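Throughout the sequence shown, residue numbering follows the working numbering, covering 1232 to 1345 in sequence. Below is one structure, written out as structure tokens; the observations come after it.
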Amino acid sequence: MTTFIPGGNAGTFTIDDGNVANGPFALAPSASRSADGDLFQVTETLADQFAAIIVAGLGIAGEDGIDATASDGFDTVTITASGSIFAGGDGIVTIEGGNLIDIAGSIDAGDDGL
């Protein structure tokens, strides 16, 4: 089942153990979402579930665009050709390995893009 992320100045969207099964999580091409902190935060740690994020719209973050530093890895991030992340911090930040990141769109970050 796909979960479409609502637009607006809605704050951080968190993908955790309780909702990761509802993914992939998509920001549609016509949607724009902003957050003062991180735009997406991945804290999922289940052995048999992995986060999947699709950014096809506009994401603006005061801090990191996608922060997966609390995840157990093996997450998927896709930024489509129509997708953009503007971040005051890092565009996409991970710690654990096994992640798949596909960028056809753009990342504009104050710190590191990846």
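The beta-carbon is built from N, C-alpha and C at its ideal position, and this holds for glycine as well. Treat the numbers as computed from the prediction; the structure is a model and nothing was measured.
| Query | Result |
| --- | --- |
| Cα-Cα, which of Ile1297, Gly1242 and Val1251 is closest to methionine 1232? | Val1251 |
| With respect to the beta strand (DSSP E) encompassing leucine 1270, which residues constitute its N-terminal and C-terminal limits? | Careful: leucine 1270 lies outside any beta strand (DSSP E) and carries neither H nor E. |
| Please go through the same chain and pick out, in chain order, the residues whose beta-carbon is closer than 6 Å to the beta-carbon of alanine 1299, but skip the five residues on each side of it. | Val1273, Asp1306 and Thr1325 |
| Pick out whichever of Ser1315, Gly1254 and Asp1248 has its Cα sitting closest to the Cα of phenylalanine 1235. | Gly1254 |
| For alanine 1241, does the three-state DSSP call read helix, strand or coil? | coil |
| If you drop the 5 nearest sequence neighbours on each side, which residues of the same chain put their C-beta closer than 6 Å to that of serine 1263? | Gly1238, Gly1288 and Leu1289 |
| Straight-line CA distance for alanine 1301 to glycine 1314? | 24 Å |
| Is the CB-CB distance between aspartate 1321 and alanine 1335 below 8 Å? | no |
| Please state whether the Cβ-Cβ distance between aspartate 1279 and threonine 1243 is less than 8 Å. | no |
| Count the other C-beta atoms from every protein chain shown that fall within 10 angstroms of the C-beta of glycine 1296, then say buried if there are 16 or more, exposed otherwise. | buried |
| So, using beta-carbon positions, are leucine 1345 and isoleucine 1310 closer together than 8 Å? | no |
| What's the C-alpha gap between serine 1337 and glycine 1328? | 22 Å |
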